[in-house]
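**Q** To convert, count from 1 in the sequence shown and add 161; that's the numbering used here.
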Amino acid sequence: AAVNSLHVAHQAVVIYMDSHKDDVTPKMLLEHLTSYKFIAVLKFMQDVLKKQGILSLTLQQNDMTFDHLCDVIEATIEGLHCSWRADKPTLGVEFKELWDLVLSQSKDGKRAITINLWDEKKFQMRFTPSVHADVMGNVVQPMARALRECIRERFPPCALLRAFDIFDPRRW
Numbered sequence: 162a163a164v165n166s167l168h169v170a171h172q173a174v175v176i177y178m179d180s181h182k183d184d185v186t187p188k189m190l191l192e193h194l195t196s197y198k199f200i201a202v203l204k205f206m207q208d209v210l211k212k213q214g215i216l217s218l219t220l221q222q223n224d225m226t227f228d229h230l231c232d233v234i235e236a237t238i239e240g241l242h243c244s245w246r247a248d249k250p251t252l253g254v255e256f257k258e259l260w261d262l263v264l265s266q267s268k269d270g271k272r273a274i275t276i277n278l279w280d281e282k283k284f285q286m287r288f289t290p291s292v293h294a295d296v297m298g299n300v301v302q303p304m305a306r307a308l309r310e311c312i313r314e315r316f317p318p319c320a321l322l323r324a325f326d327i328f329d330p331r332r333w
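(1) Would DSSP call R246 helix, strand or coil?
(2) Can V296 and V202 be called in contact, C-beta distance under 9 angstroms?
(3) Contact between the region 229-241 and the region 198-216 is defined here as three or more beta-carbon pairs at a separation below 8 angstroms; is this criterion met?
(4) Starting from I276, follow its DSSP beta bridges and name the residues at the other end.
(5) Please go through the same chain and pick out, in chain order, the residues whose beta-carbon is closer than 8 angstroms to the beta-carbon of K182, but skip the five residues on each side of it.
(6) Which same chain residues, not among the five before or five after C231, have their C-beta less than 6 angstroms away from its C-beta?
(7) Please return the same chain residues whose Cβ sits closer than 6 angstroms to the Cβ of I274, not counting the five positions on each side in sequence.
(8) Have a look at L308, F256, R309 and flag the residue whose alpha-carbon is nearest the alpha-carbon of D208.
(9) For a quick check, are the C-beta atoms of F205 and G253 less than 9 angstroms apart?
(10) How would you label L264, buried or exposed, when you count the other beta carbons within 10 angstroms and need 16 or more for buried?
(11) What's the C-alpha gap between Q285 and T195?
(12) Which residues in the same chain have their Cβ closer than 6 angstroms to the Cβ of K249, if we skip the five residues on either side of it in sequence?
(13) With a cut-off of 8 angstroms on the beta carbons, I'd call L241 and I200 a contact; round off their distance for me.
(14) Short check: CB of R332 to CB of T219, under 9 angstroms?
(15) How is A305 classed by DSSP in three states: helix, strand or coil?
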C-alpha cells in the first residue's frame, strides 16, 4: 500500500518539497524524489507487488487447489525472472512505462538526457546510462533474485505440492 500511495502522491509531494526548498531537508528530498534511481525503484516495486499480490490472493482463496497454487508460484518466479534478468527491462508495466519514456527522449537509452516530469519543465529527472546500470545491477536484479529465492524456500517443489491434490475431494 505504501508504494502505491507514494506513486499516487508523488507529484504532490514533489510540488510541496519544491515550495519549501529554502530549507535544507526539503531541498535534499526534492533532489532524491526526482532522481531516475528513485523513480525507477518505485516503478520496479509497483511491478513486483503486482506479481506478488496475485500469489498472496491465491493463498487466501478458500477453494485453492495445489495444482493452481503451483501454477501461480511458477508464474510469479518466472515473471520476476523474465522481467529483470536482462540489462534492458522488457516486462513490468510500470517499469516499462518509464523505460519507454527514456527511449522516446534518448532514442537508444545510451546517452544522458533530462526528462520533464508530468509535462512540466519545472520538474525534471536526469537519466544517465551509468545510473540505469547501477539501478539494474545493484537494486533491481539482486532484489528480484532474492525474491525468487525466498519464494522457492517458502514453498516445496511443485511436483510435491501437486501430489497433495489427490486429497482434494473435488477431484474424486
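Backbone N, C-alpha and C define an ideal beta-carbon position, used for all residues, glycine too.
**A** The answer reads as follows:
(1) With a pLDDT of 47 at R246, under the threshold of 50, the modelled position of that residue is not reliable, and no figure is offered here.
(2) yes
(3) yes
(4) M286
(5) K188, L191
(6) C319, L322, R323
(7) Q266, S267, F288
(8) F256
(9) yes
(10) exposed
(11) 7 angstroms
(12) Confidence in K249 is poor, its pLDDT being 49 and thus under 50, which makes the residue's placement too unreliable to answer from.
(13) Contact doesn't hold; Cβ gap of about 20 angstroms is too wide.
(14) no
(15) helix
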